[in-house]
Ligand SMILES: *[C@@H]1O[C@H](CO)[C@@H](O)[C@H](O)[C@H]1NC(C)=O
Ligand SMILES: *[C@@H]1O[C@H](CO)[C@@H](O)[C@H](O)[C@H]1NC(C)=O
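Numbering (the working numbering), first residue to last: 79 to 391.
This is the structure:
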């Protein structure tokens with residue numbers, strides 16, 4: 079091929095990429111490039127950054143999600159001190175994200191489902207620093223949320239979960255901006271060297287995945303045996319709860335294809351917990367997988383907008 083033809087292709091691809099990254103040029107995008115060189119910002123995260131600029135959560139009325147699978151993965155699930163344990167309906171809805179590590183191989187078939195995502199947008203960091211977070215009364219007043227409403231209750235549970243002490247062997251923190259999320263995760267991984275940390279997110283559509291059988295069409299293991307998972311929590315703006323697992327984890331990128339090939343393949347990121355001996359026996363994953371605390375590893379797909387951080391090998 080003539081070199082100028084190649085150049086043209088690169089330029090065209092560059093334009094297409096620019097269009098696909100609406101958040102490009104924002105402070106959050108510049109921060110990301112510096113903090114995580116070599117890891118493109120996942121599309122779902124660029125969407126939440128751009129949405130926070132175009133339609134500020136300060137100007138949007140907040141409706142708490144009916145059900146968010148992230149809440150089955152965050153700290154609050156393991157400790158009912160912050161509110162009632164999840165309802166059987168929620169536990170049932172959560173079963174679509176769990177699987178056995180043995181299923182993480184090409185050709186295996188598994189039933190997966192994810193509800194539509196209702197993740198609030200990221201506030202730009204300078205705004206997030208001025209907006210109330212820890213004081214629920216102030217948060218409700220700022221975002222016009224009626225005390226006693228479902229939204230107020232869920233926001234209160236999020237704050238309670240953020241304040242709760244970590245489990246033994248766990249590190250945890252809540253962040254109110256994308257920058258804060260990246261800082262928290264890199265700190266927990268204990269690395270400050272630039273370019274050492276990778277990040278991955280599932281490319282699951284915002285509308286979720288219908289409950290059906292999918293075939294695993296590709297699997298690749300991601301580096302590391304210790305990872306930080308960051309999950310969105312119900313709140314009027316994006317609050318991410320990041321934590322390390324209590325024991326070692328394995329991370330995978332798993333491509334799920336529709337058995338009948340009628341819809342596009344979805345590249346999912348998954349974490350497998352190798353030691354579940356400290357988990358609450360009531361965790362929905364155990365019933366779904368027919369195992370118990372300390373049994374076979376428990377794996378879960380990362381729902382929409384959830385992030386996995388790890389250290390490059
Ligand atoms: C909220 O909306 C008002 C009026 O539409 C606008 O002037 C203001 O800049 C918006 N604020 C934010 C933070 O987007
Ligand atoms: C929260 O802020 C309100 C005033 O906005 C104050 O009266 C209240 O004491 C604060 N609550 C806490 C727990 O600090």
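By construction, the Cβ of each residue, glycine as well, lies at the ideal position given by its N, Cα and C atoms.
Report yes if the CB atom of residue i is closer than 7 Å to the CB atom of residue j, and no otherwise.
i           : j           : result
residue 135 : residue 382 : no
residue 351 : residue 327 : yes
residue 113 : residue 294 : no
residue 291 : residue 173 : no
residue 146 : residue 287 : no
residue 214 : residue 234 : yes
residue 330 : residue 299 : yes
residue 229 : residue 171 : no
residue 311 : residue 236 : yes
residue 273 : residue 115 : yes
residue 367 : residue 277 : no
In three-state DSSP terms, what is residue i?
i           : result
residue 279 : coil
residue 188 : strand
residue 306 : strand
residue 197 : coil
residue 360 : coil
residue 29  : The shown model of the chain, from 79 to 391, leaves out residue 29, and the question about it has no answer.
residue 175 : helix
residue 223 : coil
residue 352 : coil
residue 182 : coil
residue 156 : Summary for residue 156: the model assigns pLDDT 48, below 50, so the residue's position carries little reliability; its value from the coordinates is reported in the next sentence. Residue 156 falls in the helix class under three-state DSSP.
residue 229 : helix
residue 260 : helix
residue 127 : helix
residue 166 : helix
residue 311 : strand
residue 109 : helix
residue 298 : strand
residue 335 : strand
residue 121 : helix
Apart from the five residues on each side of it in sequence, which residues of its chain come closer than 6 Å, Cβ to Cβ, to residue i?
i           : result
residue 110 : 119
residue 210 : 216, 217 and 220
residue 377 : 177, 179, 348 and 350
residue 333 : 295, 296, 343 and 345
Taking only the alpha-carbon atoms, compute the straight-line gap between residue i and residue j and give it to the nearest angstrom.
i           : j           : result
residue 321 : residue 203 : 21 Å
residue 177 : residue 297 : 14 Å
residue 387 : residue 266 : 10 Å
residue 275 : residue 390 : 6 Å
residue 154 : residue 318 : The predicted model places residue 154 with a pLDDT of 48, which falls under 50 and marks its position as unreliable; any figure quoted below should be read in that light. So the alpha carbons of these two residues sit roughly 13 Å apart.
residue 106 : residue 224 : 31 Å
residue 379 : residue 262 : 21 Å
residue 123 : residue 102 : 11 Å
residue 307 : residue 258 : 14 Å
residue 205 : residue 285 : 28 Å
residue 139 : residue 304 : 38 Å
residue 353 : residue 151 : 15 Å
For residue i, which residues from the same chain have a beta carbon less than 7 Å from its beta carbon, with the 5 sequence-adjacent residues on both sides left out?
i           : result
residue 281 : 121, 344 and 345
residue 269 : 275 and 389
residue 355 : 371 and 372
Given residue i, which residues of its chain have a CB within under 8 Å of its CB, disregarding the five upstream and five downstream residues?
i           : result
residue 201 : 130, 134, 135, 136, 209, 254, 255, 315 and 316
Consider the Cβ of residue i: report whether some Cβ of chain D lies at a distance smaller than 7 Å.
i           : result
residue 245 : Looking for chain D here will not work: only one protein chain is present.
Near ligand 3, which residues have their beta-carbon closer than 6 Å to a heavy atom? As far as ligands go, the structure on display features ligand 1 and ligand 2 and does not contain ligand 3.
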